[in-house]
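Here the structure comes first, spelled out in structure tokens, and everything after it is commentary.
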Amino acid sequence: MILGSKRIFEWDVIVEKNCTYAWVGVRSSENFNYETFAGTQSTEWVLSYGGYYCCNSGNYIKNYCPLFGDGTKITVHLDMNKRTCAFTVNSTKYPEVSAWNNLLSKLYPVTSLL
18 MILGSKRIFE
28 WDVIVEKNCT
38 YAWVGVRSSE
48 NFNYETFAGT
58 QSTEWVLSYG
68 GYYCCNSGNY
78 IKNYCPLFGD
88 GTKITVHLDM
98 NKRTCAFTVN
108 STKYPEVSAW
118 NNLLSKLYPV
128 TSLL
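Per my numbering, the sequence shown runs over residues 18 to 131.
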């Protein structure tokens with residue numbers, strides 16, 4: 018959902034049933050492989066089911082939020098003016114991911130379930 022014309026975007030993802038891997042976030046269209054799940058590719062910034070976030074294929078930071086489970090609601094908050102991203106998990110808003118200071122100018126939502 019676009020919030021006005023301010024280049025601020027928010028959307029929800031609901032994990033109806035937990036699975037082995039769940040990733041939610043943003044990515045660019047560059048080097049995108051539809052046959053590989055999010056969390057392993059070079060131009061993505063995602064939050065994982067384990068409560069940690071990942072950017073650019075493998076830079077993991079733990080303890081951002083609790084583990085995902087059945088019925089978890091994740092809201093992605095993307096501010097393209099500041100090039101920042103934050104998440105709300107089950108009504109608890111977490112801070113902007115400070116390590117993500119290299120967001121590209123054109124991004125797309127991404128979700129992978131495995």
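All C-beta atoms in this analysis are idealised placements derived from N, C-alpha and C, irrespective of residue type, glycine included. All values derive from a computational prediction rather than experimental measurement.
Residue burial classification, residue i (beta-carbon count within 10 angstroms, cutoff 16)
| i | result |
| --- | --- |
| Thr89 | buried |
| Ser129 | buried |
| Arg44 | buried |
| Ala39 | buried |
Sheet register partners of residue i (DSSP bridge)
| i | result |
| --- | --- |
| Ala55 | Beta-bridge pairing links Ala55 to no other residue. |
| Leu95 | Phe26, Cys102 |
| Thr89 | Val32 |
Beta carbon proximity, residue i to chain B, threshold 8 Å
| i | result |
| --- | --- |
| Asn35 | Absent here is chain B; the protein component of the structure consists of one chain. |
Coil, strand or helix - residue i by DSSP
| i | result |
| --- | --- |
| Ser65 | strand |
| Gly21 | Confidence in Gly21 is poor, its pLDDT being 47 and thus under 50, which makes the residue's placement unreliable; the coordinate value appears in the next sentence. The answer is coil: DSSP assigns Gly21 none of H, G, I, E or B. |
| Pro126 | strand |
| Asn50 | coil |
| Thr109 | strand |
Unbroken beta strand (DSSP E) run spanning residue i, endpoints
| i | result |
| --- | --- |
| Trp117 | Per DSSP, Trp117 belongs to no beta strand (DSSP E) and is neither H nor E. |
| Asn80 | Where Asn80 is concerned, there is no enclosing beta strand (DSSP E), given that its DSSP letter is neither H nor E. |
| Tyr70 | 70 to 72 |
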